[in-house]
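The structure appears below as structure tokens.
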Amino acid sequence: FSLLDRHNRGIYQTTFAPNNTSGLVSFTLPPDAPPLEIDRDYTWSFALICDRQNRLEDRFVTGRVRRIN
């Protein structure tokens with residue numbers, strides 16, 4: 062998981078293992094992550110590593126989020 066600011070600078074990045082159940086994955090920024098500014102857009106991306114020997118098989122999804130008051 063990666064989070065970028067509006068200038069494509071990295072805000073936060075982490076790696077975690079899935080819990081082996083199907084469905085949606087939720088993620089909450091930890092308390093020690095930099096605070097997000099109100100009314101600013103951020104880009105998130107999530108990569109699923111399918112084969113560590115062949116990273117061309119990775120699957121990606123990206124989106125945008127805005128912190129509001």
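The sequence shown begins at 62 in our numbering and counts up one residue at a time. From the three backbone atoms N, C-alpha and C, an ideal C-beta is built for every residue, glycine too. Only a predicted model underlies this, so the values are computations on that prediction, with no experimental measurement involved.
Cβ-based burial, L64 [other Cβ within 10 Å; buried from 16]: When all chains shown are included, L64 counts as buried.
Cβ pair D102, R127 closer than 7 Å: Yes, these two residues count as a Cβ contact at 7 Å.
Simplified DSSP state of L117, which is helix, strand or coil: Three-state result, L117: helix.
Given N130 as reference, the closest of T82, G84, D100 once Cα atoms are compared: Ranking T82, G84, D100 by Cα distance to N130 puts D100 first.
Own chain, CB closer than 6 Å to A108, minus 5 neighbours either side, in chain order: For A108, the CB contacts under 6 Å within the same chain, skipping 5 residues up- and downstream, are D119, F121 in chain order.
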